[in-house]
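S.K.:
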Amino acid sequence: MAALPGERASAGRIPPGLRNLVILLLLWEVVGHFGLVAQGALPSPTAILERLWIDRADYPRHIEATLIGSSLGFLFGNLIGVGAGIVFALSPRMLRLFRGVNVAIFSLPAIAIAPILTLTLTGMEPRVVLATLGVYFVTMTATVVGISQADSRATDMVRAYGGGRVKVLTMVQLRGALPSILSGFRIAAPNAVLGAILAEFGGGGDRWGLGVYLLGSLGQGMPTRLWGIGLVATAIAGLSYLAFALIARRFVGATRAVTLNAAVPGGDATDEPLASRLLFAAGSLALPFCFWWLFIWGTGAPWLIAKTPLGVADYLFFSPASASAQARLLHALGQTLPVTGIGMLVGLAFAFLLAISSRLFPEAVRAFMPVALVTQTMPLVALTPLLVLILGRGTSLTLWVTISVTFFPAFVTLAQGLALVPRSAVELPRAYGAGVWREMRMVTIPASLPYLFAATRLTVPRALLGVMIAEWLATGTGLGNLLNQSRGYLDYGMIWTVAAVAVLVSAACYQIVVLAERRVLRRLGMRTAE
Amino acid sequence: MLRLNRRRFLGSSAAGLVASALPMRSFAAGSSPLRMQASWINDGEFMGYFVAIDKGYYKAEGLDLTYLPGGPDVIPESTIIAGHADLTLTTPDTTIKAIAEQGAPFKIIGTEYQKNPLGVISLASKPIRTPADLVGKTLAVPPVNVISVDAMLKLNHVDPSKVKIVPYAYDPTPLIKGEVDATLDFVTDVPYTIEQQGVKVVSFLLYDYGFTIYNDTVVVTEDVLKSKRKELVAWLRASRKGWNDNFADPKAWPPKFKDTWFKGSGRTVGNEVFLNEAQKPLIETPKGIFSMTEEGIDANLKALADVGIKGTRKMFDTTLLEEI
Numbered sequence: 260m261a262a263l264p265g266e267r268a269s270a271g272r273i274p275p276g277l278r279n280l281v282i283l284l285l286l287w288e289v290v291g292h293f294g295l296v297a298q299g300a301l302p303s304p305t306a307i308l309e310r311l312w313i314d315r316a317d318y319p320r321h322i323e324a325t326l327i328g329s330s331l332g333f334l335f336g337n338l339i340g341v342g343a344g345i346v347f348a349l350s351p352r353m354l355r356l357f358r359g360v361n362v363a364i365f366s367l368p369a370i371a372i373a374p375i376l377t378l379t380l381t382g383m384e385p386r387v388v389l390a391t392l393g394v395y396f397v398t399m400t401a402t403v404v405g406i407s408q409a410d411s412r413a414t415d416m417v418r419a420y421g422g423g424r425v426k427v428l429t430m431v432q433l434r435g436a437l438p439s440i441l442s443g444f445r446i447a448a449p450n451a452v453l454g455a456i457l458a459e460f461g462g463g464g465d466r467w468g469l470g471v472y473l474l475g476s477l478g479q480g481m482p483t484r485l486w487g488i489g490l491v492a493t494a495i496a497g498l499s500y501l502a503f504a505l506i507a508r509r510f511v512g513a514t515r516a517v518t519l520n521a522a523v524p525g526g527d528a529t530d531e532p533l534a535s536r537l538l539f540a541a542g543s544l545a546l547p548f549c550f551w552w553l554f555i556w557g558t559g560a561p562w563l564i565a566k567t568p569l570g571v572a573d574y575l576f577f578s579p580a581s582a583s584a585q586a587r588l589l590h591a592l593g594q595t596l597p598v599t600g601i602g603m604l605v606g607l608a609f610a611f612l613l614a615i616s617s618r619l620f621p622e623a624v625r626a627f628m629p630v631a632l633v634t635q636t637m638p639l640v641a642l643t644p645l646l647v648l649i650l651g652r653g654t655s656l657t658l659w660v661t662i663s664v665t666f667f668p669a670f671v672t673l674a675q676g677l678a679l680v681p682r683s684a685v686e687l688p689r690a691y692g693a694g695v696w697r698e699m700r701m702v703t704i705p706a707s708l709p710y711l712f713a714a715t716r717l718t719v720p721r722a723l724l725g726v727m728i729a730e731w732l733a734t735g736t737g738l739g740n741l742l743n744q745s746r747g748y749l750d751y752g753m754i755w756t757v758a759a760v761a762v763l764v765s766a767a768c769y770q771i772v773v774l775a776e777r778r779v780l781r782r783l784g785m786r787t788a789e
Numbered sequence: 026m027l028r029l030n031r032r033r034f035l036g037s038s039a040a041g042l043v044a045s046a047l048p049m050r051s052f053a054a055g056s057s058p059l060r061m062q063a064s065w066i067n068d069g070e071f072m073g074y075f076v077a078i079d080k081g082y083y084k085a086e087g088l089d090l091t092y093l094p095g096g097p098d099v100i101p102e103s104t105i106i107a108g109h110a111d112l113t114l115t116t117p118d119t120t121i122k123a124i125a126e127q128g129a130p131f132k133i134i135g136t137e138y139q140k141n142p143l144g145v146i147s148l149a150s151k152p153i154r155t156p157a158d159l160v161g162k163t164l165a166v167p168p169v170n171v172i173s174v175d176a177m178l179k180l181n182h183v184d185p186s187k188v189k190i191v192p193y194a195y196d197p198t199p200l201i202k203g204e205v206d207a208t209l210d211f212v213t214d215v216p217y218t219i220e221q222q223g224v225k226v227v228s229f230l231l232y233d234y235g236f237t238i239y240n241d242t243v244v245v246t247e248d249v250l251k252s253k254r255k256e257l258v259a260w261l262r263a264s265r266k267g268w269n270d271n272f273a274d275p276k277a278w279p280p281k282f283k284d285t286w287f288k289g290s291g292r293t294v295g296n297e298v299f300l301n302e303a304q305k306p307l308i309e310t311p312k313g314i315f316s317m318t319e320e321g322i323d324a325n326l327k328a329l330a331d332v333g334i335k336g337t338r339k340m341f342d343t344t345l346l347e348e349i
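Chains as they are written, first to last, in our numbering: chain A, 260 to 789; chain L, 26 to 349.
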């Protein structure tokens with residue numbers, strides 16, 4: 260995560276971030292205490308703490324289960340991520356072959372595959388798998404980036420003394436990549452926690468875990484407890500980030516700020532014959548489907564509930580129920596896609612405006628950051644009842660949920676981009692007497708274009724996730740509801756179809772953004788931001 | 026020889042490492058294993074099974090029972106098709122629909138609830154007492170039960186399109202705050218939670234308005250019925266004993282499970298006692314708990330047929346009950 264604007268406070272003053280947090284908490288306390296928001300459904304911080312204290316005996320085992328699930332996911336995700344990263348960094352061909360798999364993993368909306376995991380796996384497995392998936396991508400890209408940025412002088416040195424590929428890898432590249440990998444772990448740790456909790460909502464025969472506790476408590480009509488569980492989850496995610504930030508600092512002295520890398524590494528293929536390029540493209544497209552098959556074979560789940568790609572095609576096009584299935588799917592897509600698009604645009608626009616204002620009005624933005632941070636890690640299931648009371652169950656709710664999940668990562672990426680605009684370029688128009696706005700228009704905004712694209716890539720899967728969660732929990736429309744209802748009706752064909760379609764749509768949108776980005780940036784003579 | 030089986034291949038060993046995550050299990054040497062998937066988190070709805078486990082009734086029958094708790098998003102039928110459990114508790118409408126429309130190999134071998142405890146719950150200040158009162162109102166329904174509500178509305182000549190159905194996440198807050206007019210939930214349970222907050226509620230059972238179906242029907246796959254018939258009969262016998270003990274004094278058992286079965290559920294003992302007393306008349310039957318009479322099965326089939334689910338008598342197997 261990037262250093263937030265104004266994070267560092269000058270010595271001898273109360274850090275403004277802390278001061279604003281205190282003001283915010285006081286405001287929250289007043290609002291909560293007098294029940295000013297949503298007919299009192301927003302509890303005050305003290306009431307939440309009181310409830311936490313009363314419930315304290317419940318927590319340890321739930322926290323333990325969540326930690327175990329996420330730690331295993333963190334472990335596997337990192338093992339696979341680092342391993343795959345090394346292979347990809349050494350062999351661009353493998354990287355190209357696996358691009359489809361990597362894009363699919365990056366863009367898959369967790370909510371769409373959680374039901375599939377609970378259907379085919381048991382016990383802790385769904386949480387471990389979901390946490391692993393959340394970790395893999397971050398670590399893999401961090402490894403690839405780290406290795407390929409190794410100092411060529413050191414590489415030449417080892418080569419000159421007769422070192423082979425393995426020596427170069429162990430003595431130079433892996434060491435050089437360590438800071439990058441460790442910063443990858445930082446982002447990956449909270450991902451693992453959130454992935455595990457999300458899978459816990461899918462149940463699966465275990466009574467422990469914060470997600471399970473949250474679901475069990477929904478029926479109690481106790482907003483204080485829901486918020487308490489949400490805050491504990493948030494704290495765990497935040498602490499896991501901090502822990503790895505400290506480890507990284509201690510071992511490699513690396514303080515490099517890192518955001519989630521939204522660029523799926525692709526490998527360079529410009530000097531290859533067309534036939535071979537086509538072959539790799541086809542392989543890269545086919546590989547995700549092979550993994551799908553392998554997964555079903557590996558779980559040994561029976562055909563009735565585990566649908567292969569062929570099974571889904573059969574369900575959607577050749578079975579007696581296919582006409583009705585197609586109609587329901589198209590209807591749901593018609594409801595989901597427009598909202599997703601609009602939510603993404605508004606979220607990006609909001610993030611862009613805020614990133615710009617963070618340069619113009621740093622104080623105001625700082626006050627807003629703590630809220631933004633909490634909305635990112637707070638399980639939406641805990642927030643949705645509150646949001647429903649405030650916003651109702653219409654499109655506005657879906658939009659707000661979507662904006663809230665897309666805006667923060669987009670903002671961090673953009674703010675980082677704006678901070679990197681060369682000072683001399685900013686000062687030139689200033690010297691000629693241009694105002695702040697004019698300078699923005701002429702220099703800062705065009706210069707941040709690569710980061711706008713990076714932010715867009717990052718928000719595509721999140722937007723779909725946000726919309727589907729809102730549909731599932733509140734509005735009862737679109738893909739989210741279709742998925743949930745299909746589970747109720749034991750309509751396994753539809754469950755797999757929705758999951759596959761959600762991943763395909765998300766991956767396709769990602770690819771469209773990448774293509775648009777390449778064209779625009781090439782024309783402007785700019786480079787892709789990572 | 027050690028053979029890597031296909032489930033292991035995907036690393037289920039990872040889950041096996043985690044002892045604390047293993048489900049509750051009553052060990053007994055030389056007994057036959059049986060896995061049971063419940064339909065909800067550990068609460069009063071499953072009192073009978075907890076009593077039977079704690080009193081060793083399954084062990085006495087030679088069963089090594091593994092009890093798997095459910096949750097809002099566990100679809101019980103899926104677990105028995107996937108082979109994660111041998112036996113599960115279901116809502117008969119989804120089970121019969123799956124048999125009829127997807128050829129799922131299920132058999133219903135008993136029923137916990139003679140009368141489905143699902144009902145429409147509303148605030149006494151804005152009461153909804155009959156299906157007709159729902160017209161123009163917003164009803165929050167768990168996605169699993171949309172099918173049951175459609176059924177009940179059609180049976181009572183209410184156009185389902187006139188009722189606004191929204192997803193229900195088992196949170197009573199929207200009802201208490203008036204954001205929805207009614208929720209579909211167990212009338213044996215939610216009224217307690219809401220009345221604890223000082224609000225009076227009214228409710229009616231879907232059962233009393235023509236949707237005459239059982240609930241928590243005991244379902245197995247045809248394969249398990251063949252291969253584990255003896256164990257299933259033993260399970261029915263032990264479970265019935267557990268339920269009988271439980272209902273002998275519905276107030277007595279819930280406090281005993283406070284720190285075992287109910288630990289960490291976030292629910293109060295008072296809530297479980299309320300549930301246990303409220304469910305007694307819906308579960309008990311003169312023929313013995315789990316019984317399915319011909320009239321009862323008929324009523325189920327008729328209610329489902331009215332909404333286009335084509336069930337048959339063959340989907341029920343009452344012969345195991347006779348062997349108890």
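Backbone N, C-alpha and C fix where the C-beta goes; we use that ideal spot for every residue, glycine too.
Using 8 angstroms as the cut-off, can you tell me whether the region 316 to 335 of chain L makes contact with the region 176 to 186 of chain L, which would need three or more C-beta pairs spanning the two stretches below that distance?
M.R.: Taking 8 angstroms as the limit for Cβ pairs, the verdict is that the region 176 to 186 of chain L does touch the region 316 to 335 of chain L.
S.K.: Is His321 (chain A) buried or exposed, if buried means 16 or more other CB atoms sit within 10 Å of its CB?
M.R.: It is buried - the Cβ of His321 (chain A) has at least 16 other Cβ atoms within 10 Å.
S.K.: Is it buried or exposed for Val425 (chain A), if we count other Cβ within 10 angstroms and need 16 for buried?
M.R.: The residue in question, Val425 (chain A), is exposed, as its Cβ has fewer than 16 Cβ neighbours within 10 Å.
S.K.: Taking Leu619 (chain A) as part of the alpha helix (DSSP H), name the residues at either end of that continuous run.
M.R.: Here the alpha helix (DSSP H) through Leu619 (chain A) covers 581 to 619.
S.K.: List the endpoints of the continuous alpha helix (DSSP H) containing Val471 (chain A).
M.R.: That run of the alpha helix (DSSP H) goes 469 to 477.
S.K.: Could you spell out where the beta strand (DSSP E) holding Pro156 (chain L) opens and where it closes?
M.R.: Counting along the chain, Pro156 (chain L) falls outside any beta strand (DSSP E), and DSSP gives it neither H nor E.
S.K.: To test your reading of the DSSP string, which unbroken alpha helix (DSSP H) runs of 4 or more residues are found completely within the region 663 to 733 of chain A?
M.R.: 682 to 690, 695 to 698, 708 to 729, all fully within the region 663 to 733 of chain A.
S.K.: Are Ala373 (chain A) and Leu389 (chain A) closer than 8 angstroms when you measure CB to CB?
M.R.: Yes, these two residues count as a Cβ contact at 8 angstroms.
S.K.: Apart from the five residues on each side of it in sequence, which residues of its chain come closer than 6 angstroms, Cβ to Cβ, to Ile190 (chain L)?
M.R.: Here the set comprises Leu164, Val166.
S.K.: Could you tell me the distance, in whole angstroms, from the CA atom of Ala541 (chain A) to the CA atom of Val160 (chain L)?
M.R.: If you take the alpha carbons of Ala541 (chain A) and Val160 (chain L), they lie about 55 angstroms apart.
S.K.: With 16 as the cutoff for other CB atoms within 10 Å, does Leu679 (chain A) come out buried or exposed?
M.R.: When all chains shown are included, Leu679 (chain A) counts as exposed.
S.K.: Against Asn740 (chain A), what residues of chain L qualify as contacts under a CB-to-CB distance less than 9 angstroms, listed in chain order?
M.R.: The contacting residues are Pro168, Pro192.
S.K.: I'd like to know whether the C-beta of Ser51 (chain L) is nearer than 8 angstroms to at least one C-beta of chain A.
M.R.: With a pLDDT of 46 at Ser51 (chain L), under the threshold of 50, the modelled position of that residue is not reliable, and no figure is offered here.
S.K.: Any beta-carbon of chain A closer than 8 angstroms to the one on Glu247 (chain L)?
M.R.: No, no contact with chain A.
S.K.: Once DSSP output is grouped into helix, strand and coil, what is the label at Lys84 (chain L)?
M.R.: It is helical.
S.K.: Compare the C-beta of Gly435 (chain A) with all C-beta atoms of chain L and state if any pair is closer than 8 angstroms.
M.R.: Closer than 8 angstroms: no.
S.K.: Out of L:Glu302, L:Asn301, L:Tyr232, point me to the one whose CA is closest to Gly321 (chain L)'s CA.
M.R.: That would be L:Tyr232, whose Cα lies nearest to the Cα of Gly321 (chain L).
S.K.: Report the neighbours of Asp573 (chain A) on chain L: residues whose CB is nearer than 9 angstroms to its CB, in chain order.
M.R.: What Asp573 (chain A) touches in chain L: nothing, since even the nearest Cβ is about 13 angstroms away.
S.K.: Could you check which residue in A:Val471, A:Gly692, A:Gly421 has the C-alpha nearest to that of Arg386 (chain A)?
M.R.: Nearest C-alpha to Arg386 (chain A): A:Val471.
S.K.: Given this structure, state the Cα-to-Cα distance separating Val174 (chain L) from Thr115 (chain L), to the nearest angstrom.
M.R.: Cα to Cα, the separation comes out at about 16 angstroms.
S.K.: Taking 8 angstroms as the CB-CB limit, is Gly267 (chain L) close to chain A?
M.R.: No, no contact with chain A.
S.K.: DSSP state of Arg338 (chain L), grouped into three classes?
M.R.: It is helical.
S.K.: Does any residue of chain L bring its CB to less than 8 angstroms from the CB of Ala560 (chain A)?
M.R.: Interface residue, yes.
S.K.: Please report how far the alpha carbon of Ala451 (chain A) lies from the alpha carbon of Thr381 (chain A), in whole angstroms.
M.R.: If you take the alpha carbons of Ala451 (chain A) and Thr381 (chain A), they lie about 18 angstroms apart.
S.K.: Name the chain L residues that come within less than 8 angstroms of Ala300 (chain A), Cβ to Cβ?
M.R.: Within 8 angstroms Cβ-Cβ: Thr198, Lys202.
S.K.: Using a Cβ cut-off of 8 angstroms (strictly closer), state whether Ala149 (chain L) contacts chain A.
M.R.: Chain A contact via Cβ: absent.
S.K.: Using a beta-carbon distance cut-off of less than 7 angstroms, what residues from the region 85 to 103 of chain L approach chain A?
M.R.: Cβ contacts with chain A come from Leu93, Pro94, Gly95, Gly96, Pro97, Asp98, Val99, Ile100, Glu102, Ser103.
S.K.: Could you spell out the range, first to last residue, of the beta strand (DSSP E) harbouring Asn240 (chain L)?
M.R.: Per DSSP, Asn240 (chain L) belongs to the beta strand (DSSP E) from 240 to 246.
S.K.: Going along chain L, which residues have a C-beta under 8 angstroms from Leu286 (chain A)?
M.R.: Chain L residues near Leu286 (chain A): none, gap ~22 angstroms exceeds 8 angstroms.
S.K.: Got a sec, what are the start and stop residues for the alpha helix (DSSP H) Leu392 (chain A) sits in?
M.R.: Per DSSP, Leu392 (chain A) belongs to the alpha helix (DSSP H) from 384 to 407.
S.K.: Taking the DSSP output, what are the residues bridged to Asp210 (chain L)?
M.R.: Its beta-bridge partners are L:Gly144.
S.K.: Quick one: which residues of the region 57 to 88 of chain L get their C-beta closer than 7 angstroms to a C-beta of chain A? List them in chain order.
M.R.: Hits within the stretch, in order: Gln62, Ile66, Asn67.
S.K.: With C-beta atoms as the reference, is Arg652 (chain A) less than 8 angstroms away from Thr734 (chain A)?
M.R.: Closer than 8 angstroms, so yes.
S.K.: Comparing the C-beta of Met416 (chain A) with each C-beta of chain L, is any distance below 8 angstroms?
M.R.: Not an interface residue.
S.K.: In the region 722 to 735 of chain A, which residues sit with their C-beta less than 7 angstroms from some C-beta in chain L, listed in chain order?
M.R.: From the region 722 to 735 of chain A, only Trp731, Leu732, Ala733, Gly735 have a Cβ closer than 7 angstroms to chain L.
S.K.: Report the rounded CA-to-CA distance for Ser186 (chain L) versus Ile100 (chain L), giving the unit in angstroms.
M.R.: C-alpha separation (whole angstroms): 26 angstroms.
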